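Participant: What the sequence shown shows, in UniProt numbering, is residues 1 to 383, in sequence order. The beta carbon of each residue, even a glycine, is placed where N, CA and C say it ideally should be. What you are looking at is a predicted structure, and each value in this text was computed from that prediction instead of being measured. Got a structure here, written out as C-alpha cells. Questions coming.
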Amino acid sequence: MGAGGRMNVSTEAKRSKSDVLNRVPYSKPPFTVGDVKKAIPPHCFKRSVIRSFSYVFYDLAIASLFYYVATTYIPLLPQPLSFLAWPLYWICQGCVLTGVWVIAHECGHHAFSDYQWLDDTVGLILHSALLVPYFSWKYSHRRHHSNTGSLERDEVFVPKAKSNLKWSAKFLNNPPGRVLTLAVQLTLGWPLYLMFNVSGRPYDRFACHYDPYGPIYNDRERLQIYLSDVGVLSVFYGLYRLVAAKGLAWVVCVYGCPLLIVNGFLVLITYLQHTHPSLPHYDSSEWDWLRGALATVDRDYGILNKVFHNITDTHVAHHLFSTMPHYHAMEATKAIKPILGDYYQFDGTPIFKAMWREAKECVYVEQDDADQNKGVFWYNNKL
C-alpha cells in the first residue's frame, strides 16, 4: 500500500504540472453518490475500535516521547544549541498533535467507532486538550460538510464577492500584504474563527463558538456547547496550575508553541483544501450537495500525509463519505477516481508554493461574463 500510494502521488504530481489549474467541471455530474459508493470496497466503511484506538495511543506515545526528550535533555544543552532544539521540538510536537487533532475531528464525524458515545467521549477529551470546543466545532463543521461550496450557507473560508471586499483588500494585494495576511491567518486565524467567526459565513448577529445561544446553534445543541466550554475551561485551569508550578516560560515552550503549530497547520490544511483556482463556488440557484462536496482538492504534504492521517490527500473522499475512517480513505480514493474522472482534483504543488499562489490568485469570486450559468463563481484577483 505504501509503494502504491507513492506511485499514485507521483503520477498525480506529474499531471498537476500541466493542467492542475484547469477548471473542474461544474455541470451536474453523470454519476450519483450511490454510484461512487458502489465503487468502494465495503470494508472501507467499517470502523474498528481497536484500530482507531491504536492510532490514538501511537500518536500520544510519540508526543510523550518528544515531551520527555525536550524536558530532559534540552535544558542540558548550551544556550546556542537550546535555541535550535526548542523550535525543532515545537515543529515535531506540533505535527504529531495535529494528527491527534485529526483523530478528534474523526470522532466528530462518527468515524472513530460504531458507538456515538465513545466517539464523543474521545473527541471531547482530545479536542479539549488542544483548546478546541469539541461539540461547538462538531456542529458548525457538520454544517460545513452539508453546505460545502455554497456562497450563502458554507461555514468556513467562504470567499467574498468583489463588491463585498473590504477597503484594505486592495492595499494587501501585493507581496508584503500577502505575507502579513498569511502570517495573521496562520497564527491567529483559528482562535479568531472560534471567537469571532472570522472567515466564516455571515450571520444576522454576533457568532461565537463558545456562545451556546449564538446563531450557529439550535436549542437541542446548547447543553453540549456548555459541555464544550467546560472542557476547554478545565484545560485552561490545568494550564494555570502548571504555570504556577513550572512557570509561564516552561508552559509556553512545552505546550504553547506546539499548539501554535497545530493551529497553523489546521488553518493551512483547511485553506488549501477549499481554496484553488480550479474550484467553483455556487449560489443558491446552482448549488447542490454533490457538486459542492466535489469542490475540494486533495494535496500532497509528503511524509506529513501519514502524520496527519491522510486528511490532506484524501479530502475529496472524506467530503463524500465523512463517516469513513481515515485508515481506509486512501483505498477509497483510489477506487473512486475512475468514477469521478475530471471531477476529482489533486494538486501536487509543493505546499508553501501552493499557499503563496492561492493567496495571490484567489482573492475573491465572480461569475464569468460569458458564462450562461450565472450561479457559478470562480476565483479572481484583479482589483
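Looking at the unbroken beta strand (DSSP E) that takes in Glu366, where does it start and where does it end?
Facilitator: Glu366: member of the beta strand (DSSP E) spanning 364-366, first to last residue.
Participant: With Phe377 as the anchor, note down where its beta strand (DSSP E) starts and where it stops.
Facilitator: 376-380
Participant: Starting from Asp300, follow the alpha helix (DSSP H) in both directions and report where the run begins and ends.
Facilitator: Asp300 -> no alpha helix (DSSP H), and no H or E assigned at all.
Participant: Exposed or buried, Asn218, counting other C-beta atoms within 10 Å across all chains shown (16 or more means buried)?
Facilitator: exposed
Participant: Give a yes or no on contact between the region 375-382 and the region 276-286, applying the rule of three or more CB pairs nearer than 8 Å.
Facilitator: Short answer: they touch.
Participant: Using the Cα positions of Tyr67 and Lys246, report the straight-line distance between them to the nearest angstrom.
Facilitator: When rounded, the distance between both Cα atoms is 15 Å.
Participant: Put Asp19 into one of helix, strand or coil per three-state DSSP.
Facilitator: Judged by DSSP in its simplified three-state form, Asp19 adopts helix.
Participant: May I have the straight-line CA-CA distance separating residue 386 from Val307, to the nearest angstrom?
Facilitator: A query on residue 386 cannot be resolved here, the shown segment of the chain reaching from 1 to 383 and no further.
Participant: In or out: Thr32 buried (at least 16 other Cβ within 10 Å) or exposed?
Facilitator: exposed
Participant: Considering only C-alpha positions, which residue in the set Tyr327, Val156, Ala129 is nearest to Arg142?
Facilitator: Of the listed residues, the one whose Cα sits closest to Arg142 is Val156.
Participant: Please report the straight-line C-alpha distance between Val100 and Asp369, rounded to a whole angstrom.
Facilitator: Distance between the alpha carbons of Val100 and Asp369: 45 Å.
Participant: Can the beta-carbon of residue 451 be found less than 9 Å from the beta-carbon of His326?
Facilitator: Summary: the structure shown does not reach residue 451, with the chain confined to residues 1 through 383, and so no result is reported for it.
Participant: So for Tyr282, helix, strand or coil by DSSP?
Facilitator: Three-state result, Tyr282: strand.
Participant: Let me make sure I understand the geometry here. Which of Leu248, Phe53, Thr270 has the alpha-carbon closest to that of Trp190?
Facilitator: Shortest Cα-Cα distance from Trp190 to any of Leu248, Phe53, Thr270 involves Thr270.
Participant: Check whether the region 191-209 and the region 131-145 are in contact - that is, three or more C-beta pairs closer than 8 Å.
Facilitator: yes
Participant: Roughly how many angstroms lie between the CA atoms of Ser10 and Lys334, to the nearest whole one?
Facilitator: The pLDDT assigned to Ser10 is 44, lower than 50, so where the model puts this residue is not dependable; a value taken from the coordinates is nonetheless given after this. Those two C-alpha atoms are separated by around 14 Å.
Participant: With a 10 Å radius around its C-beta and 16 neighbouring C-beta atoms as the bar for buried, classify Lys38 as buried or exposed.
Facilitator: exposed
Participant: Where does Val49 fall in DSSP's three states?
Facilitator: helix
Participant: Using the rule of at least 16 other Cβ atoms within 10 Å of the residue's Cβ for burial, across every protein chain shown, is Asn174 buried or exposed?
Facilitator: exposed
Participant: Does Gly302 pass the burial test, meaning 16 or more other C-beta atoms within 10 Å, or should it be called exposed?
Facilitator: exposed
Participant: For Leu118, I'd like the list of residues in its chain whose CB is within less than 8 Å of its CB, leaving aside the five on either flank, ordered along the chain.
Facilitator: Setting aside the 5 residues that flank it on each side, Leu118 is surrounded in the same chain by Val49, Phe112, each with a C-beta closer than 8 Å to its C-beta; the list follows chain order.
Participant: Can you give me the Cβ contacts of Lys360 inside the same chain, cut-off strictly under 6 Å, excluding the 5 residues immediately before and after it?
Facilitator: Shown here for Lys360: not one same chain residue has a beta carbon closer than 6 Å to its own, the five before and five after excluded.
Participant: Below 8 Å on the Cβ atoms is my contact criterion, and I expect Leu126 with Ala104 to pass it. Report the Cβ-Cβ distance as a whole number of Å.
Facilitator: 4 Å
Participant: When every heavy atom of the ligand HEM is checked, does at least one fall within less than 8 Å of the C-beta of Asn263?
Facilitator: With respect to small molecules bound, the structure shown includes none, and the ligand HEM cannot be examined in it.
Participant: Between Ala85, Gly231, Pro25, Val254, which lies nearest to Gly123 when the distance is taken from Cα to Cα?
Facilitator: Gly231
Participant: Where DSSP assigns a beta bridge to Gly200, which residues make up the other side?
Facilitator: Val156
Participant: Rounded to the nearest angstrom, how far is the Cβ of Thr98 from that of Val262, given a contact under 8 Å?
Facilitator: 5 Å
Participant: Taking the Cβ atom as the reference point for each residue, do Ala61 and Val254 lie within a distance shorter than 9 Å?
Facilitator: Annotated as distal: Ala61 and Val254, with beta-carbon spacing of 9 Å or more.
Participant: Could you tell me the boundaries of the alpha helix (DSSP H) in which Phe135 lies?
Facilitator: 134-146
Participant: Buried or exposed, going by whether 16 or more other CB atoms sit within 10 Å of the CB of Asp19?
Facilitator: The residue is exposed, with fewer than 16 neighbouring Cβ atoms inside 10 Å.
Participant: So, helix, strand or coil for Leu211, using DSSP?
Facilitator: Looking at the sequence itself, residue 211 is Asp, so the reference to Leu does not match. Asp211: coil per DSSP, three-state reduction.
Participant: What did DSSP end up calling Ala161 once you bin it into helix, strand or coil?
Facilitator: Note: Ala161 maps to strand in three-state DSSP.
Participant: If you drop the 5 nearest sequence neighbours on each side, which residues of the same chain put their C-beta closer than 7 Å to that of Ser16?
Facilitator: Confidence at Ser16 is low in this model, with a pLDDT of 45, below 50, so its placement is unreliable and no value can be given for it.
Participant: For Phe45 and Ala63, what's the separation of their Cα atoms in angstroms?
Facilitator: If you take the alpha carbons of Phe45 and Ala63, they lie about 29 Å apart.
Participant: Mapping DSSP to helix, strand and coil, what is Asp347?
Facilitator: strand
Participant: Please report the residue range of the alpha helix (DSSP H) in which Val33 lies.
Facilitator: 33-38
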